[in-house]
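Structure record follows, encoded as structure tokens.
Protein chains in written order, with the numbering used here: chain A, 8 to 233; chain B, 341 to 566.
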């Protein structure tokens, strides 16, 4: 277990160093998030639908597509100079490779969300002060779900043509459940409902995470081996 | 140290390996000569564990950790420095943390890359990148070295240095498998020679006292005669 996690951390650290050195995908995702929130802010009619009703969906649509940018690059960077082949020849276990990529993607998406959440609060003037911790919990659980499934699909499509188009097409149907749970939980939190009303959605998110991490760990070796 | 039995692998109608068997002991260097598309790369990938053959088996004593691989691509990350790349791969191959820096510095010095150690890989010329790829393959001191056209991109001096280094590794009891279409490359390193034609290894035998011209003539006959 120690070696598995150690190798996963080696992969994750390398990915994060590469990303923070080049900053291409990170900057794109942050700018994308800011732009989408801006467009939604100016593109809605506040007299037709109350902001508080619309805001959770806007937040999660933004985070979902921003996460897609991160997931697209996860294995793309292994195509440079055939590095993926080198990883597969090495004693790195396929599970460590998967977990390393998940860790790096969580870091990446986490940064995008850390920038996106204050912008969301600023643009939509939603009261998050009292529910910040539970909201962060919802975001964390949903992000783990997105990233665990997305990392698997990212590996699956990386050697296909039009990988960047294929990923959303394949991945989005699998994100409908966590997206629904996250929107429901966020809506209740922003409406000031008691935490007991949210806990069911949090449990569903946690269950989704556990099931899909287990499934992804089982399937991942088959997606990368020739 | 390295053995394979009855390997068969096809890509659709194309037979890449057909009944390939071989056994190599420490200190042996097998040079496999074959035209493009004869299955040399597939054979090396099977030996490296990168492709699971449809029939037969291949085994390397010590598993993946014992294998060094020099393929068509460098497996290096362009935005990491040469040293950072070596440290990353050394970590994946289980080299102790305290030893990684020492090993990386030693192999870079041996390959004349010490003054490029801090340079990002993207800034290296093709020949220097190939030398860095060789350093990556050797940083964990592998007992079996699989080399697929390793002289590609090297100038005469660097190719001579590599031959010398490979000769030293052979002398130190390492097993080398060298695949190339060019008989002049590496024939002097070989203790054993084989020709590959349409997936079959033919005339696998010790090199003995045969010179390059004699082997080139045998190769010409082997790949052109039915």
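Every residue gets a Cβ at the ideal spot worked out from N, C-alpha and C, and that includes glycine. Computed from a predicted model, the values in this text were never measured in an experiment.
Assign residue i to one of two classes, buried (16 or more other C-beta atoms within 10 Å of its C-beta) or exposed (fewer than that).
i	result
residue 376(B)	exposed
residue 218(A)	exposed
residue 394(B)	exposed
residue 125(A)	exposed
residue 169(A)	exposed
residue 412(B)	exposed
residue 69(A)	buried
residue 45(A)	exposed
residue 185(A)	buried
residue 392(B)	exposed
residue 134(A)	exposed
residue 67(A)	buried
residue 500(B)	exposed
residue 199(A)	exposed
residue 458(B)	exposed
residue 88(A)	buried
residue 456(B)	buried
Throw me the rounded Cβ distance for the residue i and residue j pair, which I believe falls under 8 Å.
i	j	result
residue 348(B)	residue 357(B)	6 Å
residue 230(A)	residue 163(A)	5 Å
residue 475(B)	residue 451(B)	5 Å
residue 215(A)	residue 123(A)	In fact, because the Cβ distance is near 21 Å, the residues do not count as touching under 8 Å.
residue 98(A)	residue 434(B)	6 Å
residue 549(B)	residue 381(B)	Actually they do not touch by this definition, with Cβ atoms about 30 Å apart.
residue 157(A)	residue 74(A)	6 Å
residue 107(A)	residue 19(A)	4 Å
residue 425(B)	residue 416(B)	5 Å
residue 491(B)	residue 502(B)	7 Å
residue 427(B)	residue 441(B)	7 Å
Rounding to the nearest angstrom, what Cα-Cα distance links residue i and residue j in this structure?
i	j	result
residue 496(B)	residue 467(B)	10 Å
residue 8(A)	residue 22(A)	21 Å
residue 96(A)	residue 408(B)	9 Å
residue 543(B)	residue 534(B)	6 Å
residue 369(B)	residue 210(A)	59 Å
residue 192(A)	residue 175(A)	24 Å
residue 462(B)	residue 49(A)	43 Å
residue 42(A)	residue 56(A)	21 Å
residue 406(B)	residue 63(A)	53 Å
residue 352(B)	residue 539(B)	14 Å
residue 15(A)	residue 154(A)	15 Å
residue 529(B)	residue 28(A)	41 Å
residue 145(A)	residue 183(A)	15 Å
residue 150(A)	residue 113(A)	7 Å
residue 132(A)	residue 11(A)	44 Å
residue 513(B)	residue 372(B)	19 Å
residue 148(A)	residue 31(A)	26 Å
residue 473(B)	residue 511(B)	22 Å
residue 26(A)	residue 159(A)	19 Å
residue 78(A)	residue 555(B)	51 Å
residue 460(B)	residue 414(B)	13 Å
residue 423(B)	residue 482(B)	18 Å
residue 445(B)	residue 454(B)	7 Å
residue 545(B)	residue 364(B)	11 Å
residue 484(B)	residue 119(A)	44 Å
residue 366(B)	residue 531(B)	11 Å
residue 464(B)	residue 58(A)	54 Å
residue 360(B)	residue 346(B)	5 Å
residue 24(A)	residue 34(A)	14 Å
residue 438(B)	residue 449(B)	18 Å
Looking at the strands, I want to know which residues DSSP matches up with residue i.
i	result
residue 358(B)	348(B)
residue 537(B)	540(B)
residue 395(B)	348(B)
residue 498(B)	None; residue 498(B) has no bridge partner.
residue 421(B)	460(B)
residue 485(B)	408(B) and 516(B)
residue 373(B)	520(B) and 535(B)
residue 364(B)	342(B)
residue 189(A)	Paired residues: none, contrary to the question.
residue 546(B)	532(B)
residue 96(A)	In the DSSP output, where bridge partners are listed per residue, residue 96(A) has none listed.
Does the CB of residue i have a neighbour CB from chain E at under 8 Å?
i	result
residue 403(B)	Any reference to chain E falls outside this structure, whose protein chains are A and B.
Answer yes or no: the CB of residue i versus the heavy atoms of the ligand MG, is any distance below 7 Å?
i	result
residue 157(A)	Because no ligand of any kind appears in the structure shown, any question about the ligand MG cannot be addressed here.
For this session: Give the residues from the segment 375-401 of chain B that approach chain A closer than 8 Å (Cβ to any Cβ), ordered along the chain.
Result: 385, 388, 389, 390, 391 and 392
Exercise. Residues in the segment 85-96 of chain A with C-beta within 8 Å of chain B's C-beta atoms, listed in sequence order?
Worked result: 87, 88, 89, 90, 92, 93, 94, 95 and 96
For this session: Would you list, in chain order, the members of the segment 526-556 of chain B that have their beta-carbon closer than 7 Å to a beta-carbon of chain A?
Result: none
Problem set entry | Residues in the segment 113-129 of chain A having any Cβ partner in chain B nearer than 9 Å | none
Exercise. In the segment 408-435 of chain B, which residues sit with their C-beta less than 8 Å from some C-beta in chain A, listed in chain order?
Worked result: 409, 411, 412, 413, 414, 415, 416, 417, 418, 419, 420, 424, 428, 429, 431, 432, 433 and 434
For this session: With 9 Å as the limit, tell me which residues of the segment 27-58 of chain A have their beta carbon closer than that to any beta carbon of chain B; keep them in chain order.
Result: 28 and 29
Problem set entry | Residues from the segment 184-200 of chain A in contact with chain B, defined by Cβ distance under 9 Å | none
Exercise. Using a Cβ cut-off of 7 Å, which residues of the segment 97-112 of chain A contact any Cβ in chain B, in chain order?
Worked result: 97, 98 and 99
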